[in-house]
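J.: Using numbering that gives the first Met the number 0, read the sequence shown as starting at 0 and increasing by one per residue.
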Amino acid sequence: MSPRVIMSGIRPTGTGAAHLGHWEGALKSWVKLQDMGDCYYSIVDWHALTTEYQDVRSIQDNIRQSLLDLLAVGIDPEKSTVYLQSAVKEIAELNLLLGMMTPLGWLERVPTFKEQQAQLGDRDINTYGFLGYPLLQTVDIIIMRADTVPVGEDQVFHLELAREIVRRFNGLYGDCFPEPQPFLTPIPKLPGVDGRKMSKSYGNAIYLNDSAAAVEEKIRPMVTDVRRKRRTDPGVPEDCPAFALHRAYSSGEEIAMVDAECRKAGIGCIDCKKILIHNVNGFLEPFRQRRSRYEKADVADILAPGNRRAADRAAQTVARARQLMNV
Ligand code: TRP
Ligand code: SF4
């Protein structure tokens, strides 16, 4: 069996960095897959434009933050090809070519299309570019001839569409692209500090670049099991968002201890959270250190070799696609 070709992308949007939900949902497998095949990891700035085209001021800074996130979690640009989407012009060419044979209905029925339009109510994303978002994502993947795509659950539909487009292309013109499969990490959804799903838009996230003090300030007032109004009230750990974080970042012994003591009010929430704060900070510390090592580095310098490798591979793919399409 030939080695896997792995591709995934991170959108440089929002203010700054990735949070623990991004880590659990996708970045963790990006790191793991580095030793399992040929990895292409892209900062997809054209995708950022699909929703941020009205205010483009922070894109360069967001690119920088996304790159620092990748380096901080342990993506190694010597092992993996780390590149900027807009540095690979072949992506735009293949996007145009595939646009000729992608039925409008396939794009219109993508659930995120209508959902996001409703959610981002203040911004007008009734655009050609936004409709084309999943096609551009398909191109990101197949231009690298990737078979494995580490993403969160929310991207599964996009991957289905990618496979449909691949089948249509291969059927119409001849074999060119492998069918990409999602690589999912089965994890329970990580709650944010208010108990809802951890999300940038809820303001409840713990960021990979949060300082130790920031982590403490977020976890100390964190929502716990509502049964524990007083120190002497026993609790049910399964109903406590702080316990869900313990499960992810504390040792087996600590989890077992908290689980038992919480139920008989043997430990108070303040002490329980102290352990959690310590462990989350311990987990984030290596990320912070790697991040600070790159803080002064030049983004363009770090991306240059990856941009070149990605463009070379993309050029090979597009040459074949053009030949098959007779243009
Ligand atoms: N749509 C993805 C997200 O929102 C980002 C993305 C763009 C992507 N191109 C990709 C993911 C290619 C995987 C492969 O997270
Ligand atoms: Fe949650 Fe810990 Fe308090 Fe139990 S003791 S409710 S697990 S914070």
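Heads up, the beta-carbon is just placed ideally off N, CA and C, and yes, glycines get one too. The structure presented is a predicted model; accordingly, all values stated were derived computationally and were not measured.
1. Round the Cβ separation of P233 and R195 to the nearest angstrom and send it over; I've been treating them as touching at under 8 Å.
2. Residue range of the alpha helix (DSSP H) that I218 falls in?
3. Got a sec, what are the start and stop residues for the alpha helix (DSSP H) T111 sits in?
4. Hey, V148 and M6: beta-carbon distance below 8 Å or not?
5. Determine the extent of the alpha helix (DSSP H) in which M6 is found, giving its start and end residues.
6. Does the separation of the CB atoms of D68 and A16 fall below 8 Å?
7. Just the Cα atoms here: how many angstroms apart are H157 and N125?
8. Using 8 Å as the cut-off, can you tell me whether the stretch 168 to 182 makes contact with the stretch 197 to 209, which would need three or more C-beta pairs spanning the two stretches below that distance?
9. From the DSSP output, in three-state form, read off V155 for me.
10. Compute the Euclidean distance between the alpha carbons of L19 and A213, then round it to the nearest angstrom.
11. Which same chain residues, not among the five before or five after V317, have their C-beta less than 6 Å away from its C-beta?
12. Looking only at its own chain, which residues have a Cβ that is under 7 Å from the Cβ of C175, when we skip the five neighbours before and after it?
13. Given the structure, does K272 come close to ligand 2, in the sense that its CB is under 7 Å from one of the ligand's heavy atoms?
14. Assign Q33 to one of three DSSP states: helix, strand, or coil.
15. Kindly examine ligand 2 and report whether one of its heavy atoms sits closer than 7 Å to the Cβ of D311.
16. Kindly identify the DSSP beta-bridge partner or partners of F182.
17. Should G409 be listed as close to ligand 1, given that the test is whether its C-beta is under 7 Å from any heavy atom?
18. Under 7 Å from any heavy atom of ligand 2, does the C-beta of D139 make it?
19. To test your reading of the DSSP string, which unbroken alpha helix (DSSP H) runs of 4 or more residues are found completely within the stretch 238 to 308?
20. Tell me whether R230 counts as near ligand 2, meaning its Cβ is closer than 7 Å to at least one heavy atom of that ligand.
21. Going by DSSP, name the residue or residues bridged to S41.
22. Mark Y132 as exposed unless 16 or more other C-beta atoms lie within 10 angstroms of its C-beta, in which case mark it buried.
23. Among residues of its own chain, excluding the 5 on either side of D44, which ones have a beta-carbon nearer than 7 Å to its beta-carbon?
24. Could you name the residues of the same chain whose beta carbon sits closer than 6 Å to that of Y248, not counting the 5 residues immediately before and after it, in chain order?
25. With three or more C-beta pairs closer than 8 Å as the rule, is the stretch 227 to 244 touching the stretch 259 to 276?
26. Grab the span of the alpha helix (DSSP H) containing F129 for me, first residue to last.
27. Would you kindly work out how many angstroms separate the C-alpha atoms of V30 and L183, rounded to a whole number?
28. Look up P102 in the DSSP assignment and say whether it is helix, strand or coil.
T.: Looking at the coordinates:
1. About 25 Å separates the two Cβ atoms, so there is no contact after all.
2. Here the alpha helix (DSSP H) through I218 covers A211 to I218.
3. Note, T111: alpha helix (DSSP H), P110 to Q118.
4. Result yes, Cβ atoms of V148 and M6 sit closer than 8 Å.
5. Segment R3 to I9 is the beta strand (DSSP E) holding M6; no alpha helix (DSSP H) there.
6. For the pair D68 and A16, the CB atoms are nearer than the 8 Å cut-off.
7. In this structure, the alpha-carbon of H157 lies about 19 Å from that of N125.
8. With a cut-off of 8 Å, the stretch 197 to 209 and the stretch 168 to 182 do not count as touching, because too few Cβ pairs lie within range.
9. DSSP places V155 in helix when its eight states are reduced to three.
10. Distance between the alpha carbons of L19 and A213: 14 Å.
11. Setting aside the 5 residues that flank it on each side, V317 is surrounded in the same chain by E89, E92 and L93, each with a C-beta closer than 6 Å to its C-beta; the list follows chain order.
12. Apart from the 5 residues on each side of it in sequence, C175 sits with its Cβ closer than 7 Å to the Cβ of F168, N169, R319, A320 and L323 in its chain, given in chain order.
13. K272: yes, Cβ under 7 Å from ligand 2.
14. Coil at Q33, not helix or strand.
15. Outside the cutoff, so no.
16. P149.
17. With the chain represented from 0 up to 326, any question about residue 409 goes unanswered, as that position is not in the structure.
18. D139 Cβ: outside cutoff for every heavy atom of ligand 2.
19. Complete alpha helix (DSSP H) runs here, min 4: 240 to 248, 251 to 262 and 268 to 293.
20. With a cut-off of 7 Å, the C-beta of R230 is classified as distant from ligand 2, since no heavy atom of the ligand falls inside that distance.
21. As computed with DSSP, S41 is found in a beta bridge with G8 and Y82.
22. Buried, because 16 or more other Cβ atoms sit within 10 Å of the Cβ of Y132.
23. Close CB contacts of D44 within its chain, under the 7 Å cut and outside five residues either way in sequence, are with P11, I58, I62, L83, Q84 and S85 (chain order).
24. Excluding positions up to five away in sequence, the list reads N278, V279 and F282.
25. With a cut-off of 8 Å, the stretch 227 to 244 and the stretch 259 to 276 count as touching, because enough Cβ pairs lie within range.
26. Unbroken alpha helix (DSSP H) run through F129: Y127 to L130.
27. Distance between V30 and L183, taken at the CA atoms: about 13 Å.
28. In the three-state scheme derived from DSSP, where H, G and I count as helix and E and B as strand, P102 is classed as coil.
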